[in-house]
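What follows is a single structure, written as structure tokens, with notes after it.
Numbering (my numbering), first residue to last: 14 to 579.
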């Protein structure tokens, strides 16, 4: 679904607010996606260049930064209500500390000002006596009447989020914000809220726990996000730099219960941005009645590492083509916008913008998925596939690149009664006029496929006439080579190009390589010390996810899968 269908936001020019920003600024970091300060998770070798991996996630105490104002909200604090805060006056180094209380906060937030690279604005939760996160509940939540101007005159904006990052100025966007340690829930179309004019309305379709209309350098860390239309939703639109979202770090969050019943248009997270790292998160099941995806993105420069993905959505990963902002992702689309055939003869070409687009396109052609745990159970999952890489609407905008899929542990328990076939990958778009150009580089994984309680589904590597899969060393269940599998998987057509089958381990008759519930590896000769070296230029497997929402160093990554044997 086009992101714009969730509202372009009615952004109109207005007078500058009291703080000063530089119009049109954005930092495109193709590999070190985020600044190297601790609050933004560290620099990183995130797949597109140099740098070092960030340390394992550890929650940062919700304490004043020391460089800005301290706004303490809650029982016995300086501010009793979130709406008492001067939100339009927040600046670099300011900390909004929301203290736990038994009664949820039913007040919505619009963040519309900027921190700085060294001193971001922080919105953080001070936990209760047993570690409880403060709850921001969308059920019956109230928009601050003083925020009417912040939402613009486009009234549907008020019903699109519990927490929104949005500068209404056409030439400005929010920058340098950290949101951490909160429990945000119930921003969904079956709940109501109070608008700034005092009237009551239902949330809009696609409402989010956290919505970023356009922003740079945002960290969403250590939160529980529950039962919203989208857990996290970000926009990027092609009007100008101020309408793009760049450089996100989403780490250490627990997301569950998202999506809308009867709809495939809302997801656990739905991200369109340039430069995103997802790490140390636990992705739980979506709303049982929804048909959405766990993690859907339209991203240039995506790194998905050290996460846990539970079963319970239509697809776990949907890594598809850009919409609404293609001229900022692809040089061909930028030239099309200018009416030019080449960069050599294009009088309106902006060289600075061209350089940004060239960097974005290079990042768009490479996606990184490593060190993750995936658990797919057919009886709790809407369909039989795991990862879609390429495009779902416009084949001209498809990634047409390489998905590096390595060091992951995948367990699939699926019966034919739940889904006739299970597809590990879906490359490109089966409705495209020509064969997919997407490639998967797959090594050091454990992919264990078996039944749940009956006859197992047919195990398919891909869809019909789609893409290339290049194998290194993997523990891969051999069911994809079973008699009749090809005919059932590829509808009588041809499957993907498969290269490197000789590198796969012979697992015929082998014991299960992992515990199917915990996904812990079993100590067998086909798991221990079987990993190949990670090729030069790819980020190493330096950490491993630790159940739940933590990580620990990984000594040498010599074993297959997402965790080393002890």
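The C-beta atom is built at its ideal place from N, Cα and C for all residues, glycine as well.
Give me the residue from the options with the minimum Cα distance to residue i.
i	options	result
residue 469	397, 402 and 534	397
residue 369	259, 328, 446 and 453	259
residue 285	308, 272, 273 and 269	308
residue 522	509, 511, 537 and 533	537
residue 554	568, 543, 178 and 562	568
residue 377	358, 151, 250 and 311	311
residue 510	545, 492, 224 and 454	454
residue 303	372, 273, 381 and 313	273
residue 243	412, 298, 178 and 281	281
residue 562	235, 128, 84 and 120	235
residue 82	349, 365 and 102	102
residue 186	373, 266, 221 and 248	248
residue 400	475, 445 and 375	475
residue 116	145, 130 and 133	145
residue 388	107, 418, 305 and 296	296
residue 545	560, 570 and 306	570
residue 526	573, 251 and 162	573
residue 513	241, 456 and 328	456
residue 392	143, 323, 137 and 375	323
Mark residue i as exposed unless 16 or more other C-beta atoms lie within 10 angstroms of its C-beta, in which case mark it buried.
i	result
residue 153	exposed
residue 19	Reliability of the predicted coordinates at residue 19 is poor, the pLDDT of 44 falling under 50, and no value is obtained from them.
residue 301	exposed
residue 358	exposed
residue 542	exposed
residue 94	exposed
residue 23	Caution applies to residue 23, whose pLDDT of 37 falls short of 50 and renders its modelled position unreliable; the model cannot decide the point.
residue 267	buried
residue 325	buried
residue 411	buried
residue 194	buried
residue 283	buried
residue 364	exposed
residue 506	exposed
residue 444	exposed
residue 552	buried
residue 504	exposed
residue 566	exposed
residue 240	buried
By Cβ distance below 8 angstroms, which residues in the same chain neighbour residue i in space, the five residues on each side in sequence not counted?
i	result
residue 564	69, 70, 292, 293, 319, 556, 557 and 558
residue 448	441, 478, 479 and 480
residue 446	408
Might you give, ordered along the chain, the residues of its own chain that have their beta carbon closer than 7 angstroms to the beta carbon of residue i, omitting 5 neighbours on each side?
i	result
residue 529	424 and 426
residue 39	Any reading at residue 39 must be qualified, since the residue scores a pLDDT of 32, below 50, and its modelled position is unreliable; no value is offered.
residue 156	121, 171, 206, 207, 208 and 209
residue 141	113
Given residue i, which residues of its chain have a CB within under 6 angstroms of its CB, disregarding the five upstream and five downstream residues?
i	result
residue 402	332, 416, 440 and 451
residue 261	231, 286 and 289
residue 114	87 and 88
residue 518	488 and 539
residue 462	425, 472, 490 and 492
residue 516	484, 485 and 486
residue 382	317 and 418
residue 421	385, 458 and 575
Roughly how far, in whole angstroms, is the beta-carbon of residue i from the beta-carbon of residue j, given that I think they are within contact range, below 8 angstroms?
i	j	result
residue 459	residue 488	5 angstroms
residue 135	residue 109	7 angstroms
residue 224	residue 278	Between residue 278 and residue 224 the Cβ distance is about 15 angstroms, and since that is not below 8 angstroms, they are no contact.
residue 384	residue 428	At roughly 29 angstroms, the Cβ-Cβ gap does not stay under 8 angstroms, so residue 384 and residue 428 are not in contact.
residue 533	residue 576	7 angstroms
residue 202	residue 215	6 angstroms
residue 351	residue 361	5 angstroms
residue 98	residue 84	5 angstroms
residue 9	residue 160	Lying before the first or after the last residue shown, residue 9 is absent from the chain, which here runs from 14 to 579.
residue 105	residue 128	5 angstroms
residue 75	residue 139	5 angstroms
residue 435	residue 482	Residue 435 to residue 482, Cβ: 15 angstroms. No contact.
residue 189	residue 237	About 24 angstroms separates the two Cβ atoms, so there is no contact after all.
residue 123	residue 92	Residue 123 to residue 92, Cβ: 16 angstroms. No contact.
residue 373	residue 313	4 angstroms
residue 356	residue 348	7 angstroms
When every heavy atom of the ligand PLP is checked, does at least one fall within less than 7 angstroms of the C-beta of residue i?
i	result
residue 535	Because no ligand of any kind appears in the structure shown, any question about the ligand PLP cannot be addressed here.
Shorter than 8 angstroms from the beta carbon of residue i to some beta carbon of chain B?
i	result
residue 401	Absent here is chain B; the protein component of the structure consists of one chain.
Worksheet item: Which ranges does the beta strand (DSSP E) cover as unbroken runs of at least 3 residues, wholly within the segment 328-407, from first to last along the chain?
Response: 330-332, 379-383, 386-390 and 398-403
Worksheet entry | Residue ranges of each alpha helix (DSSP H) within the segment 456-512, 4 or longer | 498-502
Worksheet entry | Ranges of the alpha helix (DSSP H) found wholly within the segment 140-181, counting only runs of at least 4 | 161-164
Worksheet item: Of all the beta strand (DSSP E) runs that stay within the bounds of the segment 202-249, which reach a length of 3 or more residues?
Response: 205-207, 213-215, 221-225, 228-234, 237-239 and 243-247
Item to complete: Could you pull out every unbroken beta strand (DSSP E) segment of at least 3 residues lying fully inside the segment 104-133, listed in chain order?
Response: 108-112 and 122-124
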